[in-house]
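Protein chains: 2
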Amino acid sequence: MRITVDLPHAYRLINHGPVTLVSSAHGGATNVMAASWAMPLDFDPPKVAVVIDANAYTRQLIETSGEFALNIPCRAIAANVLKAGSASGKDLDKFAHAGLTPFPARVIGAPLVEGCVAWLECRVLPRPDNQQRHDLFLAEVVAAQADDRAFRDGRWLFDDENLRTLHYFGGGSFAVTGSQFEVNGDNT
Amino acid sequence: MRITVDLPHAYRLINHGPVTLVSSAHGGATNVMAASWAMPLDFDPPKVAVVIDANAYTRQLIETSGEFALNIPCRAIAANVLKAGSASGKDLDKFAHAGLTPFPARVIGAPLVEGCVAWLECRVLPRPDNQQRHDLFLAEVVAAQADDRAFRDGRWLFDDENLRTLHYFGGGSFAVTGSQFEVNGDNT
Numbered sequence: 327m328r329i330t331v332d333l334p335h336a337y338r339l340i341n342h343g344p345v346t347l348v349s350s351a352h353g354g355a356t357n358v359m360a361a362s363w364a365m366p367l368d369f370d371p372p373k374v375a376v377v378i379d380a381n382a383y384t385r386q387l388i389e390t391s392g393e394f395a396l397n398i399p400c401r402a403i404a405a406n407v408l409k410a411g412s413a414s415g416k417d418l419d420k421f422a423h424a425g426l427t428p429f430p431a432r433v434i435g436a437p438l439v440e441g442c443v444a445w446l447e448c449r450v451l452p453r454p455d456n457q458q459r460h461d462l463f464l465a466e467v468v469a470a471q472a473d474d475r476a477f478r479d480g481r482w483l484f485d486d487e488n489l490r491t492l493h494y495f496g497g498g499s500f501a502v503t504g505s506q507f508e509v510n511g512d513n514t
Numbered sequence: 327m328r329i330t331v332d333l334p335h336a337y338r339l340i341n342h343g344p345v346t347l348v349s350s351a352h353g354g355a356t357n358v359m360a361a362s363w364a365m366p367l368d369f370d371p372p373k374v375a376v377v378i379d380a381n382a383y384t385r386q387l388i389e390t391s392g393e394f395a396l397n398i399p400c401r402a403i404a405a406n407v408l409k410a411g412s413a414s415g416k417d418l419d420k421f422a423h424a425g426l427t428p429f430p431a432r433v434i435g436a437p438l439v440e441g442c443v444a445w446l447e448c449r450v451l452p453r454p455d456n457q458q459r460h461d462l463f464l465a466e467v468v469a470a471q472a473d474d475r476a477f478r479d480g481r482w483l484f485d486d487e488n489l490r491t492l493h494y495f496g497g498g499s500f501a502v503t504g505s506q507f508e509v510n511g512d513n514t
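Which chain is which? The protein sequence lines are A and B, in order.
Quick note on the numbering used here: the first sequence kicks off at 327 and runs consecutively.
Quick note on the numbering used here: the second sequence kicks off at 327 and runs consecutively.
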């Protein structure tokens, strides 16, 4: 079940550095691309930073709409993530190509991606110098949801291997997020 | 053994979103802090983006020296990483507090951290608006090394559990990077 994530907890959805799917829309067109270069930028209001290549079709949709979503995929859809990272939405329907299904966001116009385990809806903070020189987009998170089998009460649960988030090394090589462990800082 | 990582491969050291230790130095003072909000920004020349809180002692050292290193810690030193994230270098010798040992970098003045599995030496790209509004530092990677038990020929090897990199959830809770797997994009 998809549950609302309180905005001050939204950074926890990407604090551990997972792969993201960036979804976008403008004027009836939609797209989805894989992005590993994304991170939290602030807690409350939550902000994120993400790198979107100048040649990506997603880039046009984000620059015209001023919105995007970060969808956090899991082990079960790793092959779809790779496909979403391996063709341009300029040339084909990327959702169909990657075998991914969109569903409506709560606040923004861009669709969200079914089968992911968390979703952050974002509005771009205009920083033209970052965008032009570094392909770097800063954005405020305006809504967040999670699959309650994977994230509940502000914490990730990785009991189900198929629902674990992903980390990308390049060349089609991923890892899942490993098992959680606690340290108390006293064993130095 | 520490080996040189070719600069065009340096982004691979942090592409999967691991926790970092940010080390810095200026005028005889050194410091080290934990940072999860770091990501690659460009391939070649390699660049990185990292968030450094305005109240961090590290921030003063980076702003005056224009340099820092991203050290990539592993499972074996997770408790030290937590300690490095839980006190201010203003008040104590953070290396000693965290049980971490510095060693000289190759290019920059900031020290590197023993026991980590990769090291990126960075020079700040002056972006005052990002630094002041968002605590966001962009930097060019000018040298990179790795422990060849963990990263070799441009690829991470996670055979040894103790040498696996870390992902941070907050509240003292980490995960190691899980086992790698390949997908071919055809099983959608």
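Quick reminder that beta carbons are idealized off the backbone N, C-alpha and C, glycines included.
Bounds of any beta strand (DSSP E) do not take in A436 of chain A, whose DSSP letter is neither H nor E. In the DSSP assignment, N381 of chain A falls outside any alpha helix (DSSP H), carrying neither H nor E.
Proximity of M327 of chain B to chain A, defined by a Cβ-Cβ separation below 8 Å, is not satisfied. Residue range A404 to A410 is occupied by the alpha helix (DSSP H) that includes V407 of chain A. I329 of chain B is classed as exposed because its beta carbon has fewer than 16 other beta carbons within 10 Å across all chains shown. Measuring C-alpha to C-alpha distances from A422 of chain A to each of A:I434, A:R432, A:G480 and A:N406 identifies A:N406 as the nearest. The count of Cβ pairs closer than 8 Å, one atom from the region 343-356 of chain B and one from the region 395-410 of chain B, reaches three, so the stretches are in contact. At least 8 Å separates the CB of G392 of chain B from every CB of chain A. Assignment of L367 of chain B by DSSP, reduced to helix, strand and coil, places it in the strand class. Cβ-Cβ separation between A375 of chain A and A375 of chain B: approximately 6 Å, consistent with a contact (criterion under 8 Å).
CA-to-CA, the gap between G496 of chain A and R338 of chain B works out to about 8 Å. Chain-order list of chain B residues neighbouring A380 of chain A: empty, with the shortest C-beta distance near 12 Å, by a criterion of under 9 Å.
Within 9 Å of the CB of V358 of chain A, no CB atom of chain B is found; the nearest one sits about 13 Å away.
Nearest to I403 of chain B by C-alpha distance, out of B:M365, B:T390 and B:L426, is B:L426. Here the region 449-459 of chain A makes contact with the region 379-392 of chain A; the two share three or more CB pairs at distances below 8 Å. Taking 7 Å as the Cβ-Cβ cut-off, the region 332-345 of chain B approaches chain A at R338, N341, H342, G343 and P344, given in chain order. Residues of chain B with a Cβ closer than 7 Å to the Cβ of E508 of chain A are, in chain order, G498 and S499. The C-beta of D479 of chain A has fewer than 16 other C-beta atoms within 10 Å across all chains shown, which makes the residue exposed. Spatial neighbours of G411 of chain A in its own chain (CB-CB distance under 6 Å, excluding positions within 5 residues in sequence) are listed in chain order as A360. Chain B places a beta carbon closer than 8 Å to that of V377 of chain A, counting this residue as a contact. Counting along the chain, R459 of chain A sits inside the alpha helix (DSSP H) bounded by residues P454 to H460.
Around the beta carbon of F369 of chain A, a 10 Å sphere encloses fewer than 16 other beta carbons of the protein chains shown; the residue is thus reported as exposed. The shortest C-alpha to C-alpha distance from D332 of chain A to any of A:D473, A:A469 and A:F484 is the one to A:A469. Residue contact check for L367 of chain B against chain A: a CB pair falls below 8 Å. Scanning chain A for C-beta atoms nearer than 8 Å to the C-beta of V467 of chain B yields nothing, as the closest lies near 14 Å away.
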